[in-house]
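Colleague:
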Amino acid sequence: MAMHFKDLPSLAFRDAQRNTIRYCKQDSGRVDDRVYSDYKCKDYCPDVFRRIQELRNIDRSDYMMSIRSDLTLREILSAGKDTRVIPVSTDDRLVIGIVPKSEKKVMLRVLPSYCFHLEMNRDSLLSILYGIHYMKPIGGPKVYFSVYSRVIPSDANIFRVFDLKGSWKGRKINKPRAKENIILKDMDFGFRFYLDPLIQEKLLGQIKHDCEFLEAQGIMDYSLLIGIALPPQNKDSVDSRSSYSEVTSSCHSPMNSNDSRNSNVQNTGYGDSSPVNSVDSRSFDSDRISSCSSEEVEGTQSIYSDISKELDSSKFRLGVGMPARTIRSKLIKAGHVPSTRSAGGLECADVVLYFSIVDIFQNYNLAKRLEHAYKSIKYDSKSIVTVNPKAYASRFQEFMSLVFHVDC
Numbered sequence: 010m011a012m013h014f015k016d017l018p019s020l021a022f023r024d025a026q027r028n029t030i031r032y033c034k035q036d037s038g039r040v041d042d043r044v045y046s047d048y049k050c051k052d053y054c055p056d057v058f059r060r061i062q063e064l065r066n067i068d069r070s071d072y073m074m075s076i077r078s079d080l081t082l083r084e085i086l087s088a089g090k091d092t093r094v095i096p097v098s099t100d101d102r103l104v105i106g107i108v109p110k111s112e113k114k115v116m117l118r119v120l121p122s123y124c125f126h127l128e129m130n131r132d133s134l135l136s137i138l139y140g141i142h143y144m145k146p147i148g149g150p151k152v153y154f155s156v157y158s159r160v161i162p163s164d165a166n167i168f169r170v171f172d173l174k175g176s177w178k179g180r181k182i183n184k185p186r187a188k189e190n191i192i193l194k195d196m197d198f199g200f201r202f203y204l205d206p207l208i209q210e211k212l213l214g215q216i217k218h219d220c221e222f223l224e225a226q227g228i229m230d231y232s233l234l235i236g237i238a239l240p241p242q243n244k245d246s247v248d249s250r251s252s253y254s255e256v257t258s259s260c261h262s263p264m265n266s267n268d269s270r271n272s273n274v275q276n277t278g279y280g281d282s283s284p285v286n287s288v289d290s291r292s293f294d295s296d297r298i299s300s301c302s303s304e305e306v307e308g309t310q311s312i313y314s315d316i317s318k319e320l321d322s323s324k325f326r327l328g329v330g331m332p333a334r335t336i337r338s339k340l341i342k343a344g345h346v347p348s349t350r351s352a353g354g355l356e357c358a359d360v361v362l363y364f365s366i367v368d369i370f371q372n373y374n375l376a377k378r379l380e381h382a383y384k385s386i387k388y389d390s391k392s393i394v395t396v397n398p399k400a401y402a403s404r405f406q407e408f409m410s411l412v413f414h415v416d417c
């Protein structure tokens with residue numbers, strides 16, 4: 010469904026609706042019924058977000074019921090000011106991010122341009138913002154939160170999840186255990202993905218458009234959150250599995266992408282609050298990746314051919330269940346961007362990719378400028394995360410061009 014924001018009055022981008030939710034105290038199943046009974050709520054720009062929700066066929070009434078369910082309210086209030094992501098248990102497509110007031114202001118400032126960008130870029134990789142709200146129990150603290158699209162579906166056969174920024178200083182998980190479902194970073198990344206030429210060109214072109222938008226808005230510190238899954242036909246061949254447990258904390262963290270945040274996949278809000286099958290790392294070790302035969306390459310090309318036919322259809326979406334061929338690589342540093350090179354031999358595997366650009370409301374404010382100045386004294390200024398939006402966008406695009414290649 011096409012979105013049209015031009016016919017919305019400018020007031021719609023400044024509007025807010027306030028209401029009060031009341032829960033019955035004698036119902037022991039209600040949220041914090043022994044302490045609170047009334048909650049003051051505020052929904053920012055409801056008409057604007059209703060249009061965005063229509064884009065992904067999300068019914069406004071169902072949306073409001075989901076974010077105000079007892080379980081969701083309990084999670085929001087228990088989080089307090091802890092900037093983390095909470096899965097919406099009643100809707101597998103949504104995650105909630107607790108945000109500080111300062112970031113809420115950035116979201117509202119950028120919202121008109123963000124909506125125009127989505128309208129002009131149907132294939133945008135930017136995470137979809139479905140709403141901005143606050144909730145305040147009577148006698149309790151005010152909590153601001155935003156609602157986003159879930160990047161990695163709960164039923165995906167996930168093998169690895171990476172948070173990629175294109176920098177390398179401090180971008181490594183220290184001694185991850187083999188069976189830990191954690192979100193890895195740039196210096197843990199050792200893959201190259203090969204895509205159909207048309208898809209690869211379209212993908213890098215869209216990343217360029219999205220980065221230009223973020224640069225124009227003074228945004229930096231964003232990431233490509235990418236989940237690598239095995240194709241469905243390979244599930245039965247996996248000899249060991251582990252499960253993701255309840256997802257409660259931030260990787261997407263629309264509000265806080267500091268490298269010190271929790272890096273556990275179980276806590277990203279991109280998995281699910283119920284167990285999800287995750288392939289054990291041993292099932293994807295290099296000695297289990299067979300060399301690509303001509304038949305396998307031909308089979309992959311057949312898949313690419315089918316997808317290429319859908320490039321201009323509503324069925325195809327960049328970053329949603331995209332098939333690719335992957336080759337393990339070793340990380341090296343080419344210039345100022347971590348690069349990849351073959352780990353030796355043509356060992357490859359077919360995978361399915363889920364990804365989106367997340368953390369898209371980090372402003373290059375005074376705190377970030379001071380952090381950049383301080384770290385630049387100690388380290389190469391181009392190796393650290395906190396650089397100005399122009400330099401960040403350029404580095405991010407260069408790194409993505411090293412990750413996604415043309416499969417000839």
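So for the sequence shown, my numbering puts the first residue at 10; every next one is plus one.
Cβ atoms here follow ideal geometry from the backbone N, Cα and C, with glycine treated the same way.
From a predicted model like this one, the values you see are computed outputs, not experimental measurements.
Per DSSP, what kind of secondary structure is Arg-404 in: helix, strand or coil?
Modeller: Helix at Arg-404.
Colleague: Identify the continuous beta strand (DSSP E) that holds Arg-424 and give its terminal residues.
Modeller: In this structure the chain extends from 10 to 417, so residue 424 is not present and cannot be described.
Colleague: For the region 48-92, list the alpha helix (DSSP H) runs that are entirely contained and at least 4 residues long, ordered along the chain.
Modeller: Qualifying alpha helix (DSSP H) stretches, in chain order: 55-64, 69-76, 79-88.
Colleague: Give the DSSP-derived three-state secondary structure of Ile-30 in the structure shown.
Modeller: In the structure shown, Ile-30 sits in a strand (DSSP, three-state: E or B).
Colleague: Determine the closest residue to Lys-174 out of Gly-214, Ile-235, Ser-75, with distance taken between C-alpha atoms.
Modeller: It is Ile-235.
Colleague: Any idea if Thr-29 is buried or exposed, counting beta-carbon neighbours within 10 angstroms, 16 or more meaning buried?
Modeller: Flag for Thr-29 reads exposed.
Colleague: Identify the continuous alpha helix (DSSP H) that holds Ser-365 and give its terminal residues.
Modeller: No alpha helix (DSSP H) contains Ser-365, which is instead part of the beta strand (DSSP E) from 357-367.
Colleague: What are the residues that DSSP puts in a beta bridge with Ala-25?
Modeller: Bridge partners of Ala-25: Tyr-53.
Colleague: For the region 52-72 and the region 120-137, state whether three or more C-beta atom pairs, one from each stretch, are separated by less than 8 Å.
Modeller: Yes, since at least three Cβ pairs between the region 52-72 and the region 120-137 fall closer than 8 Å, the two stretches touch.
Colleague: Rounded to whole angstroms, what is the Cα-Cα separation between Asp-100 and Gly-106?
Modeller: Whole-angstrom Cα-Cα distance: 15 Å.
Colleague: Closest by CA to Ser-365, which one among Val-170, Asp-205, Leu-204, Lys-399?
Modeller: Comparing Cα positions, the closest option is Val-170.
Colleague: When the Cα atoms are used, what is the spatial distance from Arg-201 to Tyr-157?
Modeller: Each residue's alpha carbon lies about 28 Å from the other.
Colleague: Could you tell me if Lys-110 is buried or exposed, where buried requires 16 or more neighbouring beta carbons within 10 angstroms of its beta carbon?
Modeller: Per the 10 Å Cβ criterion, exposed.
Colleague: Would you give the residue range spanned by the alpha helix (DSSP H) that Leu-499 belongs to?
Modeller: Any answer about residue 499 is impossible in this case: the structure gives the chain only from 10 up to 417.
Colleague: May I ask you to report which of helix, strand or coil DSSP gives Phe-222?
Modeller: In the structure shown, Phe-222 sits in a helix (DSSP, three-state: H, G or I).
Colleague: Can you give the Cα-Cα distance for Asp-245 and Gln-371, rounded to whole angstroms?
Modeller: Low confidence applies here, because Asp-245 scores a pLDDT of 46, under 50, leaving its location unreliable; read the following figure in that light. Distance between the alpha carbons of Asp-245 and Gln-371 is about 42 Å.
Colleague: Taking a contact to mean a Cβ-Cβ separation below 8 Å, would you say Tyr-363 touches Pro-241 in this structure?
Modeller: Not closer than 8 Å, so no.
Colleague: How is the beta strand (DSSP E) around Pro-96 delimited, first residue to last?
Modeller: Residues 94-96.
Colleague: Taking the straight line between their C-alpha atoms, what separation do you get for Leu-204 and Ser-403?
Modeller: Roughly 22 Å separates the two Cα atoms.
Colleague: Just verifying my parser: in three-state terms, what is the DSSP assignment at Gly-106?
Modeller: Strand at Gly-106.
Colleague: With 16 other CB atoms within 10 Å as the buried threshold, where does Ser-19 fall?
Modeller: Label assigned to Ser-19: exposed.
Colleague: Check for me: the beta strand (DSSP E) holding Val-415 runs from which residue to which?
Modeller: Where Val-415 is concerned, the enclosing beta strand (DSSP E) stretches over 413-415.
Colleague: Taking 8 Å as the cut-off, decide whether the C-beta atoms of Ala-333 and Val-360 are in contact.
Modeller: Yes, these two residues count as a Cβ contact at 8 Å.
Colleague: Which one or two residues does DSSP pair with Ala-469 in a beta bridge?
Modeller: Since the first and last residues shown for the chain are 10 and 417, residue 469 lies out of range.
Colleague: Measuring only the C-alpha atoms, how far is Asp-16 from Arg-337?
Modeller: In a straight line, the C-alpha of Asp-16 is about 49 Å away from that of Arg-337.
Colleague: Check each candidate in Cys-124, Arg-159, Ile-216, Val-108 and name the one with the smallest Cα separation from Leu-411.
Modeller: Ranking the options by Cα distance to Leu-411, first place goes to Ile-216.
Colleague: Report the rounded CA-to-CA distance for Asp-172 versus Leu-233, giving the unit in angstroms.
Modeller: The straight-line gap from Cα to Cα measures roughly 6 Å.
Colleague: My output table needs one value for Asp-197: the three-state DSSP class, helix, strand or coil.
Modeller: DSSP places Asp-197 in helix when its eight states are reduced to three.
Colleague: What does the Cβ neighbour count give for Arg-326, buried or exposed, with the cut at 16 atoms within 10 Å?
Modeller: Arg-326 should be labelled exposed.
Colleague: Exposed or buried, what is Arg-13 when buried is set at 16 or more other beta-carbons lying within 10 Å of its beta-carbon?
Modeller: Just to set this straight, residue 13 is His in the shown sequence, not Arg. Classification for His-13: exposed.
Colleague: Are the CB atoms of Ile-67 and Arg-102 nearer to each other than 8 Å?
Modeller: Yes, they are a contact pair.
Colleague: Checking 8 Å against the spacing of the C-beta atoms, do Val-152 and Tyr-139 come in under that value?
Modeller: Not a contact, by the Cβ cut-off of 8 Å.
Colleague: What's the call for Cys-124, buried or exposed, on a 16-neighbour Cβ count within 10 Å?
Modeller: Classification of Cys-124: buried, given that the 10 Å Cβ count is 16 or more.
Colleague: Could you check the C-alpha separation between Arg-69 and Ser-78 for me, to the nearest Å?
Modeller: The straight-line gap from Cα to Cα measures roughly 14 Å.
Colleague: Could you check what DSSP says for Ser-136 in three-state terms: helix, strand or coil?
Modeller: Coil, per DSSP.
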